[in-house]
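Okay, so here's the structure we're looking at.
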Amino acid sequence: MPRFAAVGAGRMGRGIAIAFAYAGHRISLIDLRPRSDEAWQKLRAEVQAEISASLSGLSQLGVIDAAQVPAIAARVELIKADEAPAALAAAELLFEGVPETLDAKREAFEHINRHCSDDAILTSTTSSILVTELAAMVRRPERFLNMHWLNPAYVIPVVELSCHAGTDAGVLARTKALMESIGKLPVVCGPTPGYIVPRLQALVMNEAARMIEEGAATAEEIDKATRYGLGLRFAALGVVEFIDFGGCDILHHASREMSGSIDRARYTAPAIVDRMVEEGRLGLKSGSGFYDYEGRDVPAYRRDVLSRTLGMLRHAGLWQPPASETQS
Numbered sequence: 000m001p002r003f004a005a006v007g008a009g010r011m012g013r014g015i016a017i018a019f020a021y022a023g024h025r026i027s028l029i030d031l032r033p034r035s036d037e038a039w040q041k042l043r044a045e046v047q048a049e050i051s052a053s054l055s056g057l058s059q060l061g062v063i064d065a066a067q068v069p070a071i072a073a074r075v076e077l078i079k080a081d082e083a084p085a086a087l088a089a090a091e092l093l094f095e096g097v098p099e100t101l102d103a104k105r106e107a108f109e110h111i112n113r114h115c116s117d118d119a120i121l122t123s124t125t126s127s128i129l130v131t132e133l134a135a136m137v138r139r140p141e142r143f144l145n146m147h148w149l150n151p152a153y154v155i156p157v158v159e160l161s162c163h164a165g166t167d168a169g170v171l172a173r174t175k176a177l178m179e180s181i182g183k184l185p186v187v188c189g190p191t192p193g194y195i196v197p198r199l200q201a202l203v204m205n206e207a208a209r210m211i212e213e214g215a216a217t218a219e220e221i222d223k224a225t226r227y228g229l230g231l232r233f234a235a236l237g238v239v240e241f242i243d244f245g246g247c248d249i250l251h252h253a254s255r256e257m258s259g260s261i262d263r264a265r266y267t268a269p270a271i272v273d274r275m276v277e278e279g280r281l282g283l284k285s286g287s288g289f290y291d292y293e294g295r296d297v298p299a300y301r302r303d304v305l306s307r308t309l310g311m312l313r314h315a316g317l318w319q320p321p322a323s324e325t326q327s
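Take the sequence shown: its position 204, counting from 1, is numbered 203 in numbering that gives the first Met the number 0, and each next residue is one higher.
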């Protein structure tokens, strides 16, 4: 049986299965719900069609050769409920991806607990339930953490790993190594609502909707500004790196102005920003901020940031060479 298993044959499970199959691994996609033969064949056809369509989409974009699609798709082994115990027992790394209710999670982990090996690493792909709440459902909680994938799961490299206080450090290290081996970029956070990406993007999306509601700008203008202004810069610089690069004092002053003119609750800077300004820890220009720049080759770092930004501009088709002659 495959070393990897995804419990729940819905959209998330299928995306995870494609990610592992693309990386050359067989993976069990386990459906725990007892079904009639007719219902099983219908689910099987739906899963196979979606996986083939996703891979064919990559082929049409030149990512893979069309001839590779059947072989990659064949690495996903759809497992029915009565075959689940063997697949669960064989799994080295297991992803729970059933619907987002505690009852559904509890029922799934009852099955998993009965059949998984003592050495298996168990994860939940929940986007809304804290790891601390789910850990109580797991037989060996030291081998459990949440893993949030960003859709489409087989394309976006970042996976967010949310640990509880009892998560074994060796288990975390092993999980990171396994995910890196299939081309993923794991990032770690504590047992916090919203992980990292959803917590940040919810603020941006709500503010965009609010600007449309207020008549500040159209959807088209906001999307142009975010794709080629906000998004382009944050693709070249991380959000915290961006604060340091421009200066924590810039964020401090901008927050003060917008908290007064737009909304105090939404735009007041957190205490850490005020404290850093008071301490003179402004970022790159002061030698320390959220990062420490002592001993760093600052001119080389600035060139690297410029290179990253130019790379994104060229990717977007927006970089223009200098004019060959003076314009009147």
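A virtual CB, placed ideally from N, CA and C, is assigned to each residue, including glycine.
Selection from the options that minimises the alpha carbon distance to residue i
| i | options | result |
| --- | --- | --- |
| R34 | L54, A52, I26 and D81 | D81 |
| E99 | E159, G7 and S51 | G7 |
| A332 | A18, R139, P269 and L229 | Because the chain spans 0 through 327 in this model, residue 332 falls outside it and cannot be assessed. |
| L93 | A38, L177, R10 and Y290 | L177 |
| M136 | R105, N150, G259 and Y153 | R105 |
| G228 | T191, T308 and Y290 | T308 |
| I181 | P156, P269 and D291 | P156 |
| E76 | E109, T122 and A4 | A4 |
| F108 | I195, R138 and K79 | R138 |
| L317 | F241, A253 and K223 | K223 |
| R2 | R10, G23 and G9 | G23 |
| P84 | H110, L60 and E213 | H110 |
| A315 | S55, G230 and R255 | G230 |
| L305 | A235, G165 and T166 | A235 |
| S126 | K284, S258, Q319 and M11 | M11 |
| V272 | K284, A322 and A253 | A253 |
Backbone CA spacing between residue i and residue j [nearest angstrom]
| i | j | result |
| --- | --- | --- |
| A218 | L199 | 20 Å |
| A201 | R209 | 12 Å |
| A88 | G169 | 21 Å |
| A119 | G245 | 45 Å |
| V239 | Q40 | 49 Å |
| A216 | R232 | 20 Å |
| D303 | R313 | 15 Å |
| I221 | P197 | 19 Å |
| A152 | Y21 | 11 Å |
| G237 | E37 | 49 Å |
| T225 | M311 | 13 Å |
| A16 | L28 | 7 Å |
| T124 | M0 | 22 Å |
| G286 | A270 | 21 Å |
| R274 | Y266 | 16 Å |
| G279 | Y292 | 14 Å |
| F330 | T174 | No information on residue 330 is available, as it lies outside the stretch 0 to 327 that the chain covers here. |
| G9 | P320 | 48 Å |
| R263 | S51 | 50 Å |
| P298 | F241 | 16 Å |
| D296 | A322 | 32 Å |
Buried versus exposed, by CB contacts within 10 Å (16 or more), residue i
| i | result |
| --- | --- |
| L300 | First, the residue type needs correcting, since residue 300 is Tyr and not Leu in the sequence shown. Flag for Y300 reads exposed. |
| D331 | Given a span of 0 to 327 for the chain in the structure shown, any question on residue 331 remains unanswerable. |
| W148 | buried |
| L250 | buried |
| N409 | Because the chain here runs from 0 to 327, residue 409 falls outside it and cannot be looked at. |
| E95 | buried |
| K183 | buried |
| P140 | buried |
| R13 | buried |
| L101 | exposed |
| S260 | exposed |
| T122 | buried |
| T191 | exposed |
| A268 | buried |
| S53 | buried |
| L60 | exposed |
| V68 | buried |
Presumed contact (8 Å Cβ cut-off) between residue i and residue j, rounded CB distance
| i | j | result |
| --- | --- | --- |
| A103 | V97 | 5 Å |
| R74 | R43 | Between R43 and R74 the Cβ distance is about 16 Å, and since that is not below 8 Å, they are no contact. |
| G288 | G282 | 3 Å |
| D248 | V276 | 5 Å |
| I78 | A86 | 5 Å |
| Y194 | D243 | No, Y194 and D243 are not in contact; Cβ-Cβ is about 22 Å, not under 8 Å. |
| G165 | A207 | Actually they do not touch by this definition, with Cβ atoms about 39 Å apart. |
Residue i Cβ short of 7 Å to the ligand HEM heavy atom set
| i | result |
| --- | --- |
| V186 | The ligand HEM is not part of the structure shown, which contains no ligands of any sort. |
Stretch pair the stretch 115 to 132 + the stretch 153 to 163: three plus CB contacts closer than 8 Å
yes
Any chance the stretch 47 to 54 sits against the stretch 183 to 191, with 3 or more Cβ pairs inside 8 Å?
no
Is the stretch 106 to 119 touching the stretch 59 to 73, taking contact as three or more C-beta pairs under 8 Å?
no
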